[in-house]
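Residue numbers (this note's numbering), protein chains in the order written: chain A, 695 to 1045; chain B, 695 to 1045; chain C, 695 to 1045.
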Amino acid sequence: MTAFVRNQWYVAAYAHEVGRELLGRTVLGEPILLYRTEDGRAVGLADRCVHRRFPLSEHPSRLEGDKVVCGYHGFTYGTDGVCVRVPGQTRVPRTARLATYPVVEQDSFVWVWIGDREPGDTLPPRAPWLDSPHYTTVCGMEPIEGDYGLLVDNLLDLSHETYLHGGYIGTPEVAETPITTEVDDKSAIVRVSRHMDDAECPPFYANSTGIQGRITRWQDIEYHAPALYLLHSRVAPVGTPAPRPDGSDPDAFHVEVVYGITPSTEKSTYDFWAVARDFALDDQEVTEYLRSSNHTVVMQDVVALNALQRALDTEKPGYQELSINIDTGGLAARRILARLAAENSPQAAAR
Amino acid sequence: MTAFVRNQWYVAAYAHEVGRELLGRTVLGEPILLYRTEDGRAVGLADRCVHRRFPLSEHPSRLEGDKVVCGYHGFTYGTDGVCVRVPGQTRVPRTARLATYPVVEQDSFVWVWIGDREPGDTLPPRAPWLDSPHYTTVCGMEPIEGDYGLLVDNLLDLSHETYLHGGYIGTPEVAETPITTEVDDKSAIVRVSRHMDDAECPPFYANSTGIQGRITRWQDIEYHAPALYLLHSRVAPVGTPAPRPDGSDPDAFHVEVVYGITPSTEKSTYDFWAVARDFALDDQEVTEYLRSSNHTVVMQDVVALNALQRALDTEKPGYQELSINIDTGGLAARRILARLAAENSPQAAAR
Amino acid sequence: MTAFVRNQWYVAAYAHEVGRELLGRTVLGEPILLYRTEDGRAVGLADRCVHRRFPLSEHPSRLEGDKVVCGYHGFTYGTDGVCVRVPGQTRVPRTARLATYPVVEQDSFVWVWIGDREPGDTLPPRAPWLDSPHYTTVCGMEPIEGDYGLLVDNLLDLSHETYLHGGYIGTPEVAETPITTEVDDKSAIVRVSRHMDDAECPPFYANSTGIQGRITRWQDIEYHAPALYLLHSRVAPVGTPAPRPDGSDPDAFHVEVVYGITPSTEKSTYDFWAVARDFALDDQEVTEYLRSSNHTVVMQDVVALNALQRALDTEKPGYQELSINIDTGGLAARRILARLAAENSPQAAAR
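The following block contains the structure:
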């Protein structure tokens, strides 16, 4: 099992999921209650009543203004976690207080900070396309019944597109084209690039861009361990000029594929996925095509990773894997995750 | 997990459930076979054939007169547990004998004794209303996927009615009104009383009694640890005279709410519930209303306690609860259960 | 739990199940991939890609000629298990190789060898009736959620037919008639015989043979531990001459009941069952009757053994069984299995 990395921001929900209904999510094994105050601020509290541990996200718990009322015995909490009412007596015990979770809304995500330290000035990594007016985005979340490390492996090695996602986003060139990998240990970023100069155009891009014929296709991965994965995808007909020195690239199509990778329990993971494009911004048909198509692709991963987890669950201890060049990025990610996990373990915090 | 208390009577079934079909129930982890002889006596035997441990309550095991025939190889047992026939030979091994369970039928329940000692003269506690001609009763049983201690906690603290059962039996006054608690350690009885002098009448009582307007509402709990819970409920329009010195109380409505709390396994419980009333005895509409309404209330508890058990299953060891005044009865019950469990453990028996 | 016996042949599938679709079966806890080459040879390989342990039997893994292509990243293997292609590079690591399983097709079964040693000249035991032109066979496979030892117990003691399979193959005489048992420790064969000279004819035989009235019924069991069970069943009207000295027996009906007993995991078993008859060879109605009737009988066993396993799962350690004469064969089988398991354990192999 891939160790959890504490003292980090994780995507707990999309902003549109957090509202005036109580929402429960479990992040790194911690049950978290999410809701929005009447003036629109997202709140994160421990999702267990201090009295008898009833989940505050469970029916019939409810909001009363900005306060949360436990559905079992009516213990009532403010947004600061402090209990303000208990049944049958006027005195509220001083220790009646829920843990609070730092929350940041950014780029359409609600991020929560999980850790022993405070985040201080640390902000979550960025995915600005997701709520930019220059992009149109489709998104969703699918739970995976597997270790989050399996999703990290999956996304760092896109050669699997050719096999698992053939007919959607995979073509032979993805698996055939070598990658380059750069590891920034200090920033905990792994970059994996695959530039295909003359490749088949898979349906996902042919149907959304209208390109007929072969393409140059660039996949530039930027994994901000542990929680955010970006895939900068550039697609253009063969012969299209390269991006200009000023960075502009008016003749190519750009898709920003974003994953929030959120470990829930040791063997379950929230897979937040988003696809932002800089073309056909108002074309609803393209929007629906990409939503449906990418959902299919994500479900292919979910089914495969669930099967893989079940297979690993029956492996004898000490089983072996065999890694090759395509795994350079994934192995670097594993090393960074192991280091970050060790540095941020409760034991490390205690020293 | 709440320890099991051995050397006690537990409700294994309603009398009407025990007949000429074989019935299997697991009480304190012990699988028990229940049936009724041709002349109407309830029998309790170990529910595992001595041969290969096949459950005698499982199809196609069957009764042959008063004898039980195992559905696998035909080992046949009398009501005393003694094996009287085995296949392929005339000699029956002397040791072929099922454990028997003392059984008492009382107050519409079939009680079984679980323990190392014999019950002697000890009888189960009483709930005479359930088969009294002066009361009309509705009842049922719902399994809970949770520790029986969660149900004890639930029933000893009725402030939860306001929140979990709002719109059925809960009103604001239940949570607001302080309780008085009396603990009889010797008899292992906990009494919790809440007398509301001027309270809203919840639909459960308004619709069954026809009272319009506010009520005095008394809740007098009597918990006979570990297995029987009684709630003496008195409801009357505000201004109704108090009960007379001789105990009669002709102007009020009385409901006796009875729970048989039967631990099945470490994380499952049989919740036997009954509601007996002393008014509108022959009014079928009231009967059906109370049956349906109380079933809804019980299921609200079941859903909440199942959720609570799942939440507790993921708690880290050493998690904390916070108790307040309303928990006085529940905490007393826990202490009594812990003491009884220790006094009656197999280890204690061995000393 | 009954220990696994390694260095043995086990039925992994029927020949007709192994074709150009990838088939996954787990035998003695080992995941095995089965398929057939273009020229018809059955192949058995480890069902886990060496790269990231993805199951090769899982969609979208596929055959490419005689090679298996992993559905996750395209690792490609020949029938000898050697990897011949990996994504993104031309060099294939030398160690990229799947374990292969010796496979024999015999008597309509695909047998695989599970063990540390090679099978050498050892062949699986025979059940020649299953693909003989002188017999007509119906067959199937049902998974049991139980220890394979429960199925061995079940089949070695047919007195259960009277109780579990009454109305199908059981009559009172089966349970009443004593057995004779012979144990050949060296060959690991247990023989149990029950000859009923004057017995009721159960529907299974009455409807298939057309016999009206009472029968002589012989049941001669031959259990080749651990994997193959044969029941030679002879049925004839009372008064029919005995088999002739030369072994021919033209006036009786013969049914060969064959079970492949294949442990899958510690608590799951493949129950391969077949019924071959030497009469009414072309009578489709008899064929369908026997298929349906025997499937019902097998499912009665499956339901009972699943229930038995669940019951045993909750037994306290050290629970007792009580054995009688009918268990002689089953107990002998257990002893042989325990000895074979010990002799063939990985620890024994290491000495």
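C-beta atoms are modelled at their ideal positions from N, C-alpha and C, and glycine is treated no differently.
Between which residues of its own chain and residue i is the CB-CB distance below 6 Å, once the five residues before and five after are set aside?
i	result
residue 774 of chain A	none
residue 905 of chain C	895 and 931
residue 915 of chain C	886 and 925
residue 875 of chain B	886, 1022 and 1023
residue 873 of chain B	886 and 888
residue 974 of chain A	980
Residue i touches chain B at which residues, Cβ-Cβ below 8 Å?
i	result
residue 1013 of chain C	747
Going along chain B in order, which residues have a C-beta closer than 9 Å to the C-beta of residue i?
i	result
residue 752 of chain A	997, 998, 1001, 1002 and 1005
residue 856 of chain C	767, 768 and 781
What does DSSP give as the partner residue(s) for residue i in the beta ladder?
i	result
residue 984 of chain C	Residue 984 of chain C pairs with nothing; no bridge assigned.
residue 888 of chain B	B/913
residue 791 of chain B	B/776
residue 669 of chain C	In this structure chain C extends from 695 to 1045, so residue 669 of chain C is not present and cannot be described.
residue 962 of chain C	C/959
residue 926 of chain B	B/914 and B/950
residue 803 of chain C	C/708 and C/800
residue 931 of chain A	A/909
residue 738 of chain C	C/728
residue 783 of chain A	A/780
residue 808 of chain A	A/702
residue 771 of chain A	A/762 and A/777
residue 864 of chain C	C/860
Chain A partners of residue i, CB-CB under 7 Å?
i	result
residue 965 of chain B	Within 7 Å Cβ-Cβ: nothing; residue 965 of chain B doesn't reach chain A, min ~16 Å.
residue 742 of chain C	1005
Using the beta-carbon of each residue, which ones in chain C are nearer than 9 Å to residue i?
i	result
residue 637 of chain B	Not covered by the structure: residue 637 of chain B. The range shown for chain B is 695 to 1045.
residue 790 of chain B	1016 and 1018
Under three-state DSSP, which class holds residue i?
i	result
residue 949 of chain A	strand
residue 717 of chain B	strand
residue 1048 of chain B	Lying outside 695 to 1045, the shown extent of chain B, residue 1048 of chain B is not represented and no answer is given.
residue 1014 of chain A	coil
residue 896 of chain A	coil
residue 697 of chain B	coil
residue 728 of chain B	strand
residue 882 of chain B	coil
residue 955 of chain A	strand
residue 837 of chain C	strand
residue 873 of chain B	coil
residue 842 of chain B	helix
residue 1105 of chain A	The requested residue 1105 of chain A is not part of the displayed model; chain A covers only 695 to 1045.
residue 1041 of chain A	helix
residue 904 of chain A	coil
residue 989 of chain C	helix
residue 1031 of chain A	helix
residue 1021 of chain B	helix
residue 1005 of chain A	helix
Mind listing the chain C neighbours of residue i? Cutoff is C-beta to C-beta under 8 Å, in chain order.
i	result
residue 938 of chain B	The premise fails here: residue 938 of chain B is roughly 54 Å from chain C at the closest Cβ pair, so nothing lies under 8 Å.
residue 869 of chain A	767, 768, 781 and 782
residue 872 of chain A	782 and 783
residue 853 of chain A	767, 768, 781 and 782
Which residues in the same chain have their Cβ closer than 7 Å to the Cβ of residue i, if we skip the five residues on either side of it in sequence?
i	result
residue 877 of chain A	884 and 1026
residue 828 of chain A	972
residue 934 of chain A	910, 945 and 946
Leaving out five residues before and five after residue i in sequence, what residues of the same chain have Cβ atoms less than 8 Å from its Cβ?
i	result
residue 793 of chain C	739, 740 and 775
residue 735 of chain B	773
residue 826 of chain A	970
Which bits of chain A does residue i rub up against, with CB to CB less than 8 Å?
i	result
residue 977 of chain B	The contacting residues do not exist; residue 977 of chain B stays about 30 Å from chain A at best.
Give the interface partners of residue i over in chain A, defined as CB-CB distance under 9 Å, in chain order.
i	result
residue 1009 of chain B	742 and 747
**Study point:** Interface residues of the region 764-796 of chain B facing chain C [CB-CB below 8 Å]
**Key:** 764, 765, 766, 767, 768, 780, 781, 782, 783, 787, 789 and 790
Review point. If you measure beta-carbon to beta-carbon, which residues of the region 826-851 of chain B are closer than 9 Å to chain A?
Key: Of all residues in the region 826-851 of chain B, 844, 847, 848 and 851 have a Cβ within less than 9 Å of some Cβ in chain A.
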